[in-house]
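Right, one structure below, let's go through it.
Residue numbers (the UniProt record's numbering): 1 to 304.
Given below as structure tokens:
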């Protein structure tokens with residue numbers, strides 16, 4: 001599954017507008033400093049046969065706008081990796097080594113362009129691994145002033161850090177995934193996204209595997225209304241939860257020997273349904289709408 005996630009994200013980031021949007025959001029707080037038209041695919045001299053750089057670093061671009069000449073790399077990471085900070089450092093220095101060899105080959109004397117690598121973490125678990133080399137290394141205080149501490153640039157979907165994306169597709173991808181991971185999307189906030197491109201939602205589906213996104217529907221339509229997609233899923237799930245709750249309620253009613261156990265079992269089943277929906281991230285207001293029960297009565301039932 002991780003290979004599929006990496007492949008999907010690589011294809012998404014091949015779009016230069018999306019690519020520079022990540023760097024503008026991370027380094028410049030959303031200011032459009034980097035322009036997509038100034039991005040060029042970096043030549044094969046950047047690829048290292050020993051470290052398989054091209055395969056493991058998802059997208060590499062050479063950037064030149066007349067004032068800024070740099071190499072930008074995005075490494076997509078779908079799981080927490082304790083060695084990522086070392087790998088990121090290795091990618092940067094391999095890139096410098098490749099460019100240096102090219103300069104020597106051409107007998108050029110100019111300085112190398114800067115290399116910037118951004119690790120984009122798309123997993124659901126919070127990133128709890130090292131973000132800088134000193135968190136991995138036991139640094140002796142006698143050598144501390146000589147230690148070269150590498151700090152990794154990490155942008156992660158989980159957490160509370162906000163990023164100012166300019167591209168609507170990048171914003172939707174990032175914040176829909178975040179709202180799924182923290183379950184805020186089930187609090188009636190999906191209206192904030194409105195119409196979303198199916199191509200973006202396919203990436204969301206691959207990353208999160210959320211049930212209410214249907215790949216067949218995404219293939220048929222160019223855009224999907226987020227709240228409608230979620231609403232249809234909730235209706236289907238509520239019927240499943242209701243059937244399960246009624247069954248359990250009837251079983252409990254009969255087991256307890258309650259008179260008219262089936263009738264009371266149905267009532268108990270409805271209560272179990274409401275509680276199941278709550279456990280699955282739905283708010284009281286959403287349950288009220290789906291199950292046609294007033295908020296007041298619902299709160300009263302749940303409090304018993």
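Every residue gets a Cβ at the ideal spot worked out from N, C-alpha and C, and that includes glycine.
Comparing C-alpha positions only, which one of 132, 169, 194, 119 sits nearest to residue 6? Numbered from its first residue, the chain shown carries residue 6 at position 6. Closest by alpha carbon: 119.
What residues match up with residue 114 in a beta bridge as DSSP calls it? Working through the chain shown from its first residue, we reach residue 114 at position 114. Residue 114 pairs with 70.
List the DSSP bridge partners of residue 40. In the chain shown, the residue the question calls residue 40 occupies position 40. Paired residue(s): 62.
6 Å Cβ shell around residue 136 - same chain, five flanking residues per side excluded: By one-based count along the chain shown, residue 136 stands at place 136. Excluding sequence neighbours, residue 136 sits near 130.
Answer yes if the stretch 157–166 comes into contact with the stretch 108–118, meaning at least three C-beta pairs across the two stretches below 8 Å, and no otherwise. no
Round the Cβ separation of residue 170 and residue 132 to the nearest angstrom and send it over; I've been treating them as touching at under 8 Å. Residue mapping note: residue 170 aligns to position 170 of the chain shown, counting from 1. Residue mapping note: residue 132 aligns to position 132 of the chain shown, counting from 1. The pair is not a contact, with the Cβ atoms about 26 Å apart (cut-off 8 Å).
Looking at residue 65 and residue 35, is the spacing between their C-beta atoms short of 8 Å? Translated into positions along the chain shown, residue 35 becomes position 35. Translated into positions along the chain shown, residue 65 becomes position 65. Yes, the Cβ-Cβ distance between residue 35 and residue 65 is below 8 Å.
Close beta carbons around residue 20, own chain, < 6 Å, minus the five adjacent residues each side: For the purposes of this step, residue 20 is taken as the residue at position 20 of the chain shown. Cβ neighbours of residue 20 beyond the five flanking positions: 34, 36.
Report the three-state DSSP secondary structure of residue 120 (helix, strand or coil). Residue 120 sits at position 120 when you count from the first residue of the chain shown. Reduced to three states, the DSSP call for residue 120 is strand.
Nearest-angstrom Cα distance between residue 303 and residue 293? Position 303 of the chain shown, counted from the start, is the residue given in the question as residue 303. Position 293 of the chain shown, counted from the start, is the residue given in the question as residue 293. About 15 Å.
I'd like to check one pair, residue 172 with residue 143: are the Cβ atoms closer than 8 Å? The residue you call residue 143 lines up with position 143 of the chain shown. The residue you call residue 172 lines up with position 172 of the chain shown. The answer is no: Cβ separation not under 8 Å.
Identity of the residues DSSP links to residue 216 by a beta bridge: The residue you call residue 216 lines up with position 216 of the chain shown. DSSP, once it has assigned bridges, lists no residue as partnering residue 216.
Helix, strand or coil for residue 196? Go by DSSP, reduced to three states. Mapped onto the chain shown, residue 196 falls at position 196. If DSSP states are grouped into helix, strand and coil, residue 196 belongs with the strands.
Roughly how many whole angstroms lie between the Cα atoms of residue 69 and residue 41? Within the chain shown, residue 69 is the residue found at index 69, counting from 1. Within the chain shown, residue 41 is the residue found at index 41, counting from 1. Whole-angstrom Cα-Cα distance: 13 Å.
Between residue 208 and residue 180, which are expected to be in contact by the criterion C-beta below 8 Å, what is the C-beta distance as a whole number of angstroms? Stepping through the chain shown from its first residue, residue 208 is reached at position 208. Stepping through the chain shown from its first residue, residue 180 is reached at position 180. At roughly 5 Å, the Cβ-Cβ gap stays under 8 Å, so residue 208 and residue 180 are in contact.
Expressed to the nearest angstrom, what Euclidean distance is found between the alpha-carbon atoms of residue 30 and residue 71? Here residue 30 refers to the residue found at position 30 when the chain shown is read from its first residue. Here residue 71 refers to the residue found at position 71 when the chain shown is read from its first residue. Those two C-alpha atoms are separated by around 19 Å.
Suppose the cutoff is 6 Å on Cβ atoms and the five residues either side in sequence are ignored; what does the same chain contact list for residue 92 look like? Position 92 of the chain shown holds residue 92. Result list for residue 92: 115, 117, in chain order.
Only counting the same chain, and skipping five residues up and downstream in sequence, which positions put a Cβ closer than 8 Å to that of residue 203? Locating residue 203 in the chain shown gives position 203, where the first residue counts as 1. Only 8, 9, 12, 173 meet the Cβ criterion.
Three-state secondary structure (DSSP) at residue 156? Residue 156 sits at position 156 when you count from the first residue of the chain shown. Here residue 156 sits in strand by DSSP.
Rounded to the nearest angstrom, how far is the Cβ of residue 163 from that of residue 26, given a contact under 8 Å? Taking the first residue of the chain shown as 1, we reach residue 163 at position 163. Taking the first residue of the chain shown as 1, we reach residue 26 at position 26. That pair is a contact at about 7 Å.
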